[in-house]
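The structure under discussion appears below in the form of structure tokens.
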Amino acid sequence: MSTPSGTSDPIVLRSLNTAHLGEVQPETFRKLMQGIAAIAALTHVSFLCVFLWAGVDLLALVNVGSVACYVWVFFASRSPRYRIETAWTATVLEVMGHAVLATFVIGWGSGFHHYILLVIPVAVVSPIRPLALKAATVLAVALTYIVLDATLRHRVPPHVLPAAVQEGLYYFNVFGTMLILTFLAGCYYYLINQAHAALRELATTDPLTQLRNRRSITEAIRREEARVQRGVPYLSFVLCDLDHFKSINDTRGHDAGDLVLKAVSAALSKGVRDVDFLARWGGEEFLAVLPDTNGDGAALVAERLREFVAALELTHDGQPLRVTTTLGVATLREGETAEQAIARADAALYEGKRGGRNRVVRADAMPVARAAVATVHTAEVPAV
Numbered sequence: 006m007s008t009p010s011g012t013s014d015p016i017v018l019r020s021l022n023t024a025h026l027g028e029v030q031p032e033t034f035r036k037l038m039q040g041i042a043a044i045a046a047l048t049h050v051s052f053l054c055v056f057l058w059a060g061v062d063l064l065a066l067v068n069v070g071s072v073a074c075y076v077w078v079f080f081a082s083r084s085p086r087y088r089i090e091t092a093w094t095a096t097v098l099e100v101m102g103h104a105v106l107a108t109f110v111i112g113w114g115s116g117f118h119h120y121i122l123l124v125i126p127v128a129v130v131s132p133i134r135p136l137a138l139k140a141a142t143v144l145a146v147a148l149t150y151i152v153l154d155a156t157l158r159h160r161v162p163p164h165v166l167p168a169a170v171q172e173g174l175y176y177f178n179v180f181g182t183m184l185i186l187t188f189l190a191g192c193y194y195y196l197i198n199q200a201h202a203a204l205r206e207l208a209t210t211d212p213l214t215q216l217r218n219r220r221s222i223t224e225a226i227r228r229e230e231a232r233v234q235r236g237v238p239y240l241s242f243v244l245c246d247l248d249h250f251k252s253i254n255d256t257r258g259h260d261a262g263d264l265v266l267k268a269v270s271a272a273l274s275k276g277v278r279d280v281d282f283l284a285r286w287g288g289e290e291f292l293a294v295l296p297d298t299n300g301d302g303a304a305l306v307a308e309r310l311r312e313f314v315a316a317l318e319l320t321h322d323g324q325p326l327r328v329t330t331t332l333g334v335a336t337l338r339e340g341e342t343a344e345q346a347i348a349r350a351d352a353a354l355y356e357g358k359r360g361g362r363n364r365v366v367r368a369d370a371m372p373v374a375r376a377a378v379a380t381v382h383t384a385e386v387p388a389v
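Those letters in the sequence shown? Residues 6 to 389, per our numbering, in order.
Right, dumping it as structure tokens:
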């Protein structure tokens, strides 16, 4: 059986350790490459028109090839038949080759050298492995740019464009570079937010049952406590514990235990409202937090949860599994903390176990003396 949700942090940490922070994962990188390919193809269509108009036939022909290249990159990035590394390599070679050739033919003043630098940020966030290949790509790009600057910046090109065309092309390329940088920054911002949301879900969700974990519901309890202090009249707790769960684990195996926990989690989820909070409290215990619900309402919810669990028809290895649960109910009293209310729910649950299991016991219906005895025998409830 999985570890209790209160101890699931090592799972989260292992998940984080396997991820390369700041690096786009392969499937996401495919989408990024599709966006880059679409923008690049449209840009090269513009270049094709400019070079045809300016009479630079060589570069016009090259841009036909560039458009074809990016159309292929777009579809290759969408298809699992192709490795994303192949599409990335084609993109790098096209950017570098086109920039070098255009700078050589029509001069540094055309501004095509700016596109070379765009390779660096994409290379850094790419999932391409090993890291040495990334470093080599960045180094090659930097050296290419420096060599171009040293050899072509002051050189008269073979094809001199009219000054107005040259200047217009330069600013078009500056604008194009800025546009692509903005696109890349926007994509990276979006990906970082997505990664943050995924990490938060890992940190607040029990990996086995997909319910909230103890940390997450603790935050919810604090918020609801604050609402009660501001005048919201009721806050109730239902603590559920599966009956004879250790016996299921011992006799049927941990796979059976996991099956039970998942099925019970689904059943409990159907029995609470959207505004309620349900979490795996630890081991085979579940906690439901019911805002704006008095003791009578909480008892009705608890009975519904008990019935849903009892109605489960489970089989494991061809053998039936019968599952029941005992539930303790407590409503927050004036001047009481959530920890104390949950402790009373735990004491009521313990009384239900003593009384035969598969039942709902309300803490406020227990005799004071019996409640005190039950509390003594109940395991200490950690502070929420």
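Ideal Cβ placement from N, Cα and C applies to all residues, glycine included. Here the structure is a predicted model, which means the values were calculated and not measured.
Beta-carbon proximity of residue i to residue j, cut-off 8 Å
| i | j | result |
| --- | --- | --- |
| Met38 | Thr91 | no |
| Val269 | Val328 | yes |
| Ala303 | Thr336 | yes |
| Ser241 | Thr298 | yes |
| Glu290 | Val365 | no |
| Ala261 | His201 | no |
| Ser115 | Leu174 | yes |
| Met101 | Ile121 | yes |
| Val245 | Leu266 | In the sequence on display, residue 245 carries Cys and not Val. No; because the gap between Cβ atoms is not below 8 Å, this pair is not in contact. |
| Val110 | Leu63 | yes |
| Asn178 | His119 | yes |
| Arg311 | Leu332 | yes |
| Leu123 | Leu186 | yes |
| Val72 | His49 | yes |
| Ala128 | Val143 | yes |
| Asn218 | Arg278 | no |
| Val294 | Phe313 | no |
Inter-residue Cα distance where the pair is residue i and residue j
| i | j | result |
| --- | --- | --- |
| Pro126 | Ala141 | 14 Å |
| Ile226 | Thr342 | 10 Å |
| Ala45 | Leu196 | 21 Å |
| Ala370 | Gly360 | 14 Å |
| Glu318 | Asp211 | 23 Å |
| Arg367 | Thr256 | 32 Å |
| Leu305 | Arg235 | 26 Å |
| Arg4 | Ala145 | Absent from the structure is residue 4, since the part of the chain shown begins at 6 and ends at 389. |
| Val170 | Pro162 | 14 Å |
| Trp93 | Pro167 | 35 Å |
| Ile41 | Ser84 | 16 Å |
| Glu32 | Ser131 | 11 Å |
Residue span of the alpha helix (DSSP H) that contains residue i, given as start and end
| i | result |
| --- | --- |
| Trp77 | Asp62 to Arg83 |
| Val277 | Premise fails: Val277 is in no alpha helix (DSSP H) and is neither H nor E. |
| Arg219 | Arg219 to Gln234 |
Residues bridged to residue i [DSSP beta-bridge criterion]
| i | result |
| --- | --- |
| Thr398 | This structure cannot speak to residue 398, because the chain is shown only from 6 to 389. |
| Ser241 | Leu295 and Thr336 |
| Asp246 | Glu290 and Thr331 |
| Leu283 | Ala293 |
| Leu319 | Leu326 |
Residue range of the unbroken beta strand (DSSP E) whose run includes residue i
| i | result |
| --- | --- |
| Thr336 | Thr330 to Thr336 |
| Pro325 | Gln324 to Leu326 |
| Val124 | Per DSSP, Val124 belongs to no beta strand (DSSP E); it is in the alpha helix (DSSP H), Val124 to Val130. |
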